[in-house]
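Enquirer:
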Amino acid sequence: MAMLQPASVALDGGDARLSTNGEGIAEYSRAALRATHDPSVTFEEYLYYAKIARQEEDALPDASHPMRMLAGFGKKKSDRRMSMNMPSTEPTVQLSEKEKEDGMPRTDSPPDFSVVTDQEWHQAARAARTATWGAIFYLITTDVLGPYSVPWALSQMGYGPGVTLYTVFGALAGYTGYQIWQMFLALDSTQYPMKTFGDIAFRIYGTLARHLVNVLQSLQLIFNVGVIIIANGQGLYQVNRNICYIVCCVIWTVLGMLIGQIRTLQKFGWIANLAIWLNVVVMILTMAVVTHSDPNYDAALTAFGIDKGDGIVHTTAGPPATVDFTGQIVGLMQAVYSYGGAMLYCEFMSEMRKPWDFWKALLIADTFIYIVYLFFGLYVYSFQGQYTINPANQGMSPYGPLLAGNIIGFVSSLIAAALYGNIGIKVLYQNIFKELLGLPDLTSKAGKLLWVAMVPIYWGAAFVLAAAIPNFSALSGLVAALCILQFTYTFPPMLMLGLSIKRDAMQPGEGFDPATGQTVRHDHGLKRWSRGIKRHWYIKLFNLLFFLGAIVTAVLGCYSSIKSIIAAFGAARTTAFGCKGPI
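Sequential numbering from 638 applies to the sequence shown in this note's numbering.
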């Protein structure tokens, strides 16, 4: 897993503006009257408007150069005009002031609109989606690609199990990406746009599921910041061992607090795109150096207690005899961590002109990432064997390349941490401080002041995590098991199971009636669920078993990562808030 991108800024809720029409009369579409997470909107209504949205997108002309704008989402004016020339199908509702006072059911902060007619609103919503599948390919690659843990994971599992598991987890990550794509197509529309992973959970299972997803998302983001603080702290400690390790972590925390004061990510765009190329440079540098130099024996001894011995590199086809089951599971969690990124797929698709084309970006990106992972991982492991370090670039022994790799890595990692922190704070603020506590929008003056105060608190919490568990492999394995695995492997099959049961339970004559705004269902309860389960039962059974398998893997991953953390502290190689570095 790598960094986030500006496409991932989308949060729960909207930011539209108010406009009125006539004396005391406002004209809104029916969908515009609903809150972003209004429980009164039925599953069938989401399906109805999503089907219309897909039909409208099919009528749009294909982009002449889908790979043209890899660095952003902008399009030519002619493309934007084409995306706006779509007819409206949504009925509108006239509301007088008296109706609003006497009987109109109100929702919490319904979105306002700067346009009057539904057609203009519909066109504006469509025009906001401009990304091509070429741009999304770049974003998926930038978000997911993070090869530095692959060599160490192979050293824990051996060639055979390592390649097999990276292949299996890569294929399963592609399958769950396909599921997220299918759910997005089924539930997203311009009337009810989906912005986040939590929106899928809300539309299938309700408010509680959305809150669970948002909590885990927040945990993952703050853990990611903590992991980056550890990696950069280790790197700075390698560059200059005269600096206390805990001070190295504090330095990156303070820099993060300063950069984190940027509230919007628009100006981060070109910097974030630069970061992936910096990663490529470090990867090529690492492969070139390990080919012509010895492993970093000192780092291997400090980090994992591996003595130099005769200095001969050993690689194994199967699991090494020196690595126990716990170590192998932690290595497996690195594969999960490497394929993390599904949490942001909804944000990516919400920016697409034609979300149906997402499969192209997903297929090419996943294939590219898989090839890079195995090539880099097998290459470095073959030259460093049991002495492989995580992250791999910190396992170079010549000081010059090690210094260069760390400095380049500092820049890309700090960009990633700033983006993770930015999104993490926004998710927390939107779902806790704004929604539950009623605090003002971040765009308001009070919201901006709150942002200034929240950034150091957020980074401080990430620093505590990093300093308390300064074992990079164990902490990243814990993050993978606790959070990343859920978004990539656990949630998608369970959400797909719920969607398919609800959709397959529908009978002829049922569905949403746009004329009355009512949903027609002929039955309820167990009979309806039973009918939904029976259709394509074998696919539903596979998704259920997939979900249960992911849960078991997550439990094993958490258990093994925690044991590794305890063992590291017990061996006195790692000290929380200590001056001696872990590498």
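We put the CB at the ideal spot given by N, CA and C, even for glycine.
From Phe1184, Ile1052 and Pro1077, pick the residue whose C-alpha is nearest to that of isoleucine 913; which is it?
Expert: Of Phe1184, Ile1052 and Pro1077, the residue nearest in Cα terms is Ile1052.
Enquirer: Between the segment 1031-1038 and the segment 925-943, do three or more beta carbon pairs fall short of 8 Å?
Expert: Judged by Cβ distances under 8 Å, the segment 1031-1038 makes contact with the segment 925-943, as three or more pairs qualify.
Enquirer: Between the segment 860-869 and the segment 1106-1122, do at least 3 Cβ pairs fall closer than 8 Å?
Expert: Touching, yes, given that three or more Cβ pairs across the two stretches are closer than 8 Å.
Enquirer: Within the same chain, show all residues whose beta-carbon is closer than 7 Å to that of phenylalanine 1183, passing over the 5 residues directly before and after it, in chain order.
Expert: Hits under 7 Å: Pro1130.
Enquirer: With glycine 1148 as the anchor, note down where its alpha helix (DSSP H) starts and where it stops.
Expert: Taken as a continuous stretch (DSSP letters only), glycine 1148 belongs to no alpha helix (DSSP H), being part of the beta strand (DSSP E) at 1148-1150.
Enquirer: Cα-Cα, which of Met989, Ile1106, Arg1140 and Val678 is closest to cysteine 886?
Expert: It is Ile1106 whose Cα lies nearest to the Cα of cysteine 886.
Enquirer: Looking only at its own chain, which residues have a Cβ that is under 8 Å from the Cβ of isoleucine 921, when we skip the five neighbours before and after it?
Expert: So no residue of the chain qualifies.
Enquirer: Taking contact to mean at least 3 C-beta pairs separated by less than 8 Å, is the segment 1125-1141 in contact with the segment 881-895?
Expert: Contact fails: fewer than three Cβ-Cβ distances are below 8 Å.
Enquirer: Leaving out five residues on either side along the sequence, give the residues of the same chain with a beta carbon under 8 Å from the beta carbon of leucine 1076.
Expert: These residues qualify, in order along the chain: Tyr1066, Phe1070, Ala1083, Gly1084 and Leu1087.
Enquirer: Pairs of beta-carbons, one from the segment 992-1001 and one from the segment 1142-1157, closer than 8 Å: are there three or more?
Expert: No, the segment 992-1001 is not in contact with the segment 1142-1157.
Enquirer: Between the segment 978-989 and the segment 794-805, do three or more beta carbon pairs fall short of 8 Å?
Expert: Output reads no: the segment 794-805 does not touch the segment 978-989.
Enquirer: Quick one: is glycine 1084 near chain B, going by C-beta distance under 8 Å?
Expert: No chain B is part of this structure, which consists of one protein chain only.
Enquirer: Does the distance from the CB of alanine 687 to the CB of leucine 824 come in under 8 Å?
Expert: Going by C-beta atoms, alanine 687 is nearer than 8 Å to leucine 824.
Enquirer: Please give me, in chain order, every unbroken run of the alpha helix (DSSP H) with length at least 4 that falls completely inside the segment 1030-1092.
Expert: Here the runs fully enclosed are 1036-1065.
Enquirer: Leaving aside the five residues before and after isoleucine 896 along the sequence, list all residues of the same chain whose C-beta is less than 6 Å from its C-beta, in chain order.
Expert: Closer than 6 Å at the Cβ level, and outside the excluded window around isoleucine 896, lie Ala1055.
Enquirer: Contact defined as beta carbons within less than 8 Å: I believe glycine 1014 pairs with leucine 809. What is the distance between those atoms, to the nearest angstrom?
Expert: The pair is not a contact, with the Cβ atoms about 18 Å apart (cut-off 8 Å).
Enquirer: Give the DSSP-derived three-state secondary structure of proline 788 in the structure shown.
Expert: Residue state, collapsed to three classes: helix.
Enquirer: Taking the alpha-carbon positions, what's the glycine 1218 to glutamine 871 distance?
Expert: So the two alpha carbons sit approximately 7 Å from each other.
Enquirer: Out of curiosity, what's the CA-to-CA distance linking glycine 1135 and glycine 942?
Expert: So the alpha carbons of these two residues sit roughly 47 Å apart.
Enquirer: Sorted by chain position, which residues of the same chain lie with C-beta nearer than 6 Å to tyrosine 1016's C-beta, five sequence neighbours on each side aside?
Expert: Only Met924 meet the Cβ criterion.
Enquirer: When DSSP labels each residue in this structure, what does threonine 833 get in the three-state scheme?
Expert: The answer is coil: DSSP assigns threonine 833 none of H, G, I, E or B.
Enquirer: Per DSSP, which one or two residues make a beta bridge with threonine 1156?
Expert: According to DSSP, which records beta bridges pairwise, threonine 1156 is partnered with Phe1149.
Enquirer: With isoleucine 949 and alanine 1099 assumed to form a contact (beta carbons below 8 Å), what rounded beta-carbon distance in angstroms separates them?
Expert: With a Cβ gap of about 40 Å, isoleucine 949 and alanine 1099 do not count as contacting.
Enquirer: Quick check on this structure: which residue in His1161, Trp1174, Tyr1024 and Gly1186 has the alpha carbon closest to the alpha carbon of aspartate 947?
Expert: Of the listed residues, the one whose Cα sits closest to aspartate 947 is Tyr1024.
Enquirer: Can you tell me whether methionine 723 is buried or exposed? The criterion is at least 16 other CB atoms within 10 Å of its CB, across all chains shown.
Expert: Any reading at methionine 723 is ruled out, since the residue's pLDDT is 43, under 50, leaving its predicted position unreliable.
Enquirer: Nearest by alpha-carbon distance to histidine 674: which of Asn877, Gly843 and Trp818 is it?
Expert: Of the candidates Asn877, Gly843 and Trp818, the one whose C-alpha sits nearest the C-alpha of histidine 674 is Gly843.
Enquirer: Is serine 975 closer than 8 Å to tyrosine 1018 when the C-beta atoms are compared?
Expert: No, the Cβ-Cβ distance between tyrosine 1018 and serine 975 is not below 8 Å.
Enquirer: For leucine 853, which of Gly1207, Leu1119 and Arg1158 has the nearest alpha-carbon?
Expert: Nearest option by C-alpha distance: Leu1119.
Enquirer: Excluding the five sequence neighbours on either side, which residues of its own chain have a C-beta within less than 7 Å of the C-beta of serine 1198, listed in chain order?
Expert: Only Val967, Met970, Ala1111, Gly1114, Leu1115 and Ala1118 meet the Cβ criterion.
Enquirer: Exposed or buried, what is aspartate 944 when buried is set at 16 or more other beta-carbons lying within 10 Å of its beta-carbon?
Expert: Aspartate 944 comes out exposed.
Enquirer: What whole-angstrom Cβ distance do threonine 928 and phenylalanine 1020 have, given they're in contact under 8 Å?
Expert: At roughly 6 Å, the Cβ-Cβ gap stays under 8 Å, so threonine 928 and phenylalanine 1020 are in contact.
Enquirer: So, helix, strand or coil for methionine 1143, using DSSP?
Expert: The answer is coil: DSSP assigns methionine 1143 none of H, G, I, E or B.
Enquirer: Would leucine 1122 and glycine 1194 qualify as a contact pair, given that the criterion is a beta-carbon distance under 8 Å?
Expert: Taking 8 Å as the Cβ cut-off, leucine 1122 and glycine 1194 qualify as a contacting pair.
Enquirer: Take tryptophan 818 as the anchor and find which of Gln828, Phe834 and Thr827 has the nearest alpha-carbon.
Expert: Minimum Cα distance to tryptophan 818 is reached at Phe834.
Enquirer: Output the boundary residues of the alpha helix (DSSP H) element that contains glycine 1162.
Expert: Premise fails: glycine 1162 is in no alpha helix (DSSP H) and is neither H nor E.
Enquirer: Closest by CA to serine 987, which one among Asn1030, Leu822 and Val781?
Expert: Per the Cα distances, Leu822.
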